[in-house]
Each structure stands twice: as structure tokens, then as C-alpha cells.
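The structure appears below as C-alpha cells.
Protein chains: 2
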Amino acid sequence: MPKRVDHAERRTEIARALVRAAGRQGLHAVGMRDVAAEAGVSLRLVQYYFESKEKLLLFGLRHLADRFGERVAARVRAAGDDPGPRAVIEALLMAALPVDEESRLFHHLYTSYAVLSVTDEALAAQPFIKDPDAAETTLAGLLRQAADTGLLRAGTDIHAEAVGLLAMSAGLGTSVLVGQRDADSAKAVLRYHLDRIFRG
Amino acid sequence: MPKRVDHAERRTEIARALVRAAGRQGLHAVGMRDVAAEAGVSLRLVQYYFESKEKLLLFGLRHLADRFGERVAARVRAAGDDPGPRAVIEALLMAALPVDEESRLFHHLYTSYAVLSVTDEALAAQPFIKDPDAAETTLAGLLRQAADTGLLRAGTDIHAEAVGLLAMSAGLGTSVLVGQRDADSAKAVLRYHLDRIFRG
DNA sequence: ACGAAAATGGTACGGCTGTATCATAAAAAA
DNA sequence: TTTTTTATGATACAGCCGTACCATTTTCGT
Chain H
1189 MPKRVDHAER
1199 RTEIARALVR
1209 AAGRQGLHAV
1219 GMRDVAAEAG
1229 VSLRLVQYYF
1239 ESKEKLLLFG
1249 LRHLADRFGE
1259 RVAARVRAAG
1269 DDPGPRAVIE
1279 ALLMAALPVD
1289 EESRLFHHLY
1299 TSYAVLSVTD
1309 EALAAQPFIK
1319 DPDAAETTLA
1329 GLLRQAADTG
1339 LLRAGTDIHA
1349 EAVGLLAMSA
1359 GLGTSVLVGQ
1369 RDADSAKAVL
1379 RYHLDRIFRG
Chain V
1189 MPKRVDHAER
1199 RTEIARALVR
1209 AAGRQGLHAV
1219 GMRDVAAEAG
1229 VSLRLVQYYF
1239 ESKEKLLLFG
1249 LRHLADRFGE
1259 RVAARVRAAG
1269 DDPGPRAVIE
1279 ALLMAALPVD
1289 EESRLFHHLY
1299 TSYAVLSVTD
1309 EALAAQPFIK
1319 DPDAAETTLA
1329 GLLRQAADTG
1339 LLRAGTDIHA
1349 EAVGLLAMSA
1359 GLGTSVLVGQ
1369 RDADSAKAVL
1379 RYHLDRIFRG
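Note that the protein sequences, when read in sequence, are chains H and V. The opening position of the first sequence corresponds to residue 1189 in my numbering, with each subsequent residue numbered one higher. The opening position of the second sequence corresponds to residue 1189 in my numbering, with each subsequent residue numbered one higher.
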């Protein structure tokens, strides 16, 4: 039949253009025409691959979440061959901080989506925003593993620590993003709290 | 000369309409006409009191920050006649959580402004977003006071704890806002971490 | 009273938005 | 080669946006 173009790949390409444009102008200010121009295609093509803007936004969010997942996994892998729980946890939490351009972009857009989800029920229904965070389960699992190996201080509430650390990491990330704090200071705070949990 | 209307009060009134409309539709979706309708005045009047939309947004942010400051102060006052540092700190941190409609609104819009400030330098220059948080100084002061009275565990890094607690409170607030977590669970996590810092 | 300044209303303009329509180029299947 | 489906392009439309302009009412200083 037609020119045989890989739809999935093309959609991803357009989603990447959306992310780039949104990083420059802010998600609220990016229109279909901006995405088309950024991707170097015609407006009609963007409409063809995503019937509506809402579909494009939803796909963009999924794309972003996927890329973030890969990023975290890569960081964890890079933490060493057989890293202890502490190193894995540190890699996990640090990966969420906006230290370089890519993570800044991610944090910026993910927060944009979160804000939109407050008033947009289609976005709010997306699992990345709605579900009890998968990161929480992962982190709690790592902490339990550390506790079972006797690495943690006695009396540590694993669930409360997991939730608290994730919230802290997210909050620190936001303050770094808006320029209230620099990345190194945020890292130092996170490390202090890990030192506090793991017995010296 | 003219009808002698209190400008400051009228501007505040319009800013409150902005906040209400933004809470309903999202800050990104609210226009001058929405603000005018919400305030029950003509579009021209909104333009008259704020020459441009940007000025309106800036004033709205200041208004929001002021209201939040008052809210926190009220909560702290309500904490008791001569409350200990622990009670004051708890009131401080809890006040930031989106537990009722007013605090949800505040958290929602403040986050919206934070996102906008990433790509809007006029917003980024606003002290509420740019400055080293005043809350951090306050909280650190309270913690120091507690430490001097021997209420804290030994080896507590006051600065790291202050920064961490604030970031955690903000992060928890966001996850409550987007429906990832309920307010009670967020409160419980915060209390756990206060218990951890204050010696039992 | 009168004029001037302040406050308010009505409305129009240019530009941008997302979407729909019409047309056509490309390529695989027959 | 013809047909048929997919992919792409150009353009138009209705609606909303922030802003500007023109007019008018209101009220205070003189």
C-alpha cells in the first residue's frame, strides 16, 4: 500500500520534538505548529500521527516516563557490578535530580504534566501520575533488603523512610529546577539522609 | 476627581478572582475574560487595574504568597499559647500540605507558577521563587532552638534536616495534590520524621 | 457650576489556536 | 499497469487570545 513508514518510530520522533519545544517554551505554550516545525514536518503530519493535541500530549507523557525509566535503570547499572543497596538507592534518588540538561528537561515537563493533571482528568487517569508510585515499591524493597542484611539502624520504619526519601528527592529537584538551590547542595542533603538511615 | 475607589482593594479583589478561576480551570487556561467574569466586572476594568496580563499574574503570585504566609502564621498561632519548637515545626510543615480546599488551591497554583518561572524570567525573578527560602531560615532557627534546649538527638545536622523536611513537605504535598497519596498518610510520614529528629 | 481627571463600558483588531477539508504523491497488490 | 490504500501537503475556518481605541459616566477640586 503506502510508503511503508514505521509509525511507532515516527510518533516517537514527533514526541521528542514536542519535548524539545516544551523544554524551550514551556509545555503550556507549545502548539501543534511548534511541534511540527521542531520535528521538521508539516502540521498535517502531526495531525495524521496524533489525531488530536490531547493524544499527542498523552503520548508525550508516556514517552517521557519511558525515557526516565531507562535513565534511572542506566544510572543504577552504572553504580557498579554488584552494588550494595545503599549505592543503588543513591543512584535511584540522584537520578531524579535535575543536574544536567536532560534531567532538568524531564523534571520540568513532568511537573508540568502533574500540574495539568489537576484540572485535566484524562491526564490524571494516566498511570504514571495516578498509580501508587512504582518507585516507592522499589525503594521500599531495597530498604527491606538492606534491613535484612543489618545495614540499617534499628527502629527504622521502612515505608515511612521510602516515602519520605522520594518526596524529599522530588521536592529538592523542584527547588533546584527553579533555582532556589544548586544541585550539589541538594545531593549533599540527600547523602546526609542516607547516612542517617544506614548505620555508620 | 473620580469615583474614589480604593485601588489596592480592587486589585486584590481581582487577584482573588484570578485565583478562583485558575483553581477551577488551571492557571494556563485562565484568560483576562475569565478573570473579569469571575470578578463580576468588565474586561476593560481588569485591563485598567492591571495594564497587562503579565502584571496581573505577578500580582496574583504575590497575593497568593501573602495569603499563604498568613495561613502559616495562623496555624502556628493556633498551635497553642506557648508551644514548644516541635509543635511549631509541625504546624509549619503541615500548613503546606493540601489538606483542605484552600491549601489545595494554594499548592496547585504555587506549583503552576513554579513551572512557569522555568521559562518566564519575569516570574523567575520574583523573590518568592528565587530567594533562598525564608521558610528554611525559620525552620533552621526553630531546630537550633530545640537543639540548644536538648530536645534533638545528638549528631543532628540542623541545616540538612531543615532543607530535607521542607523538601519532603513540598514533595508530599505534590503527591497528595495529584492524588498519589492521601493527606493522612502524608501527615503520618511527616510526623514519623519529626519523631525521628526529636529524641523520644 | 464647571472643567478636569479618574473610572468604567463597548467594541474592534490582528494574531494565534486546534481542527477539518480538499487534493495529491507514493507505493504495494492485482 | 492499473488499482487501491497510505502518507503527505496546502489551505481554510471558526473561535479565542491579549490589547488598543473611543466613548461615557462619575466625582472631586476650583
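Cβ atoms here follow ideal geometry from the backbone N, Cα and C, with glycine treated the same way. Computed from a predicted model, the values in this text were never measured in an experiment.
Could you please give the first and the last residue of the uninterrupted alpha helix (DSSP H) stretch that includes residue i?
i                 : result
Gln1213 (chain V) : 1195-1213
Pro1271 (chain V) : It is not in any alpha helix (DSSP H) - Pro1271 (chain V) carries neither H nor E in the DSSP assignment.
Gln1235 (chain V) : 1231-1237
Leu1246 (chain H) : 1241-1265
Val1287 (chain V) : It is not in any alpha helix (DSSP H) - Val1287 (chain V) carries neither H nor E in the DSSP assignment.
Gly1361 (chain H) : 1346-1365
Arg1221 (chain V) : 1220-1227
Ala1310 (chain H) : 1309-1312
If we ignore side chains and look at the alpha-carbon of each, how far apart do residue i and residue j end up?
i                 : j                 : result
Glu1278 (chain V) : Asp1383 (chain V) : 10 Å
Ala1205 (chain H) : Glu1324 (chain V) : 38 Å
Arg1198 (chain H) : Val1218 (chain H) : 19 Å
Met1220 (chain V) : Leu1215 (chain H) : 20 Å
Ala1376 (chain V) : Lys1243 (chain H) : 37 Å
Leu1391 (chain V) : Tyr1380 (chain V) : Limits of chain V in this structure are 1189 at one end and 1388 at the other, which puts residue 1391 (chain V) out of reach.
Phe1294 (chain H) : Asp1370 (chain V) : 25 Å
Asp1372 (chain V) : Phe1386 (chain V) : 21 Å
Leu1285 (chain H) : Arg1292 (chain H) : 8 Å
Ala1196 (chain V) : Ile1346 (chain V) : 40 Å
Asp1254 (chain H) : Ile1317 (chain H) : 13 Å
Ala1302 (chain V) : Gly1367 (chain H) : 10 Å
Ala1313 (chain H) : Gly1343 (chain V) : 44 Å
Phe1247 (chain V) : Thr1200 (chain V) : 8 Å
Can you tell me which residues form a DSSP beta bridge with residue i?
i                 : result
Leu1340 (chain H) : H:Phe1386
How would you list, in chain order, the residues of chain H whose beta-carbon sits under 7 Å from the beta-carbon of residue i?
i                 : result
Ala1355 (chain V) : Met1356, Gly1359, Leu1360, Ser1363
Ala1302 (chain V) : Thr1362, Val1366
Ser1305 (chain V) : Val1366
Val1351 (chain V) : Val1377
His1251 (chain V) : Ordered by position in chain H, no residue passes the 7 Å Cβ test against His1251 (chain V), which lies about 19 Å from the chain.
Whose Cβ in chain V lies nearer than 8 Å to the Cβ of residue i?
i                 : result
Asp1345 (chain H) : Tyr1380
Asp1321 (chain H) : Ser1363, Gln1368
Ala1225 (chain H) : In chain order: nothing, as chain V lies at least about 17 Å away.
Ala1348 (chain H) : Ala1376, Val1377, Tyr1380, His1381
Residues of chain H with a CB under 8 Å from the CB of residue i: which are they?
i                 : result
Gln1213 (chain V) : Thr1307
Under 9 Å Cβ-Cβ, which residues of chain H neighbour residue i?
i                 : result
His1317 (chain V) : For clarity, residue 1317 (chain V) is Ile in the given sequence; the question names His instead. Those within 9 Å of Ile1317 (chain V) in chain H are Val1366, Gly1367, Gln1368.
Thr1154 (chain V) : Absent from the structure is residue 1154 (chain V), since the part of chain V shown begins at 1189 and ends at 1388.
Ala1312 (chain V) : Val1366, Gly1367
Using a Cβ cut-off of 9 Å, pull out every chain V residue sitting near residue i, in sequence order please.
i                 : result
His1296 (chain H) : Val1303, Val1306, Thr1307
Could you tell me which chain V residues have their CB closer than 7 Å to the CB of residue i, listed as they occur along the chain?
i                 : result
His1216 (chain H) : His1216
Inset, instruction - Determine contact between the stretch 1305-1319 of chain V and the stretch 1201-1214 of chain H, defined as no fewer than three beta-carbon pairs at a distance below 8 Å. - result: Contact between the stretch 1305-1319 of chain V and the stretch 1201-1214 of chain H is present, because at least three Cβ pairs lie under 8 Å.
Inset, instruction - Spell out a yes or no on whether the stretch 1263-1273 of chain V and the stretch 1252-1270 of chain H are touching, meaning 3 or more CB-CB pairs, one atom from each, closer than 8 Å. - result: Output reads no: the stretch 1252-1270 of chain H does not touch the stretch 1263-1273 of chain V.
Inset, instruction - Please confirm if the stretch 1289-1298 of chain V is in contact with the stretch 1225-1241 of chain V, defined as three or more CB-CB distances below 8 Å between the two stretches. - result: Output reads no: the stretch 1225-1241 of chain V does not touch the stretch 1289-1298 of chain V.
Legend entry - Validate contact between the stretch 1321-1340 of chain V and the stretch 1344-1359 of chain H using beta carbons, cut 8 Å, 3 pairs: Because the criterion of three Cβ pairs below 8 Å is not met, the stretch 1321-1340 of chain V and the stretch 1344-1359 of chain H do not touch.
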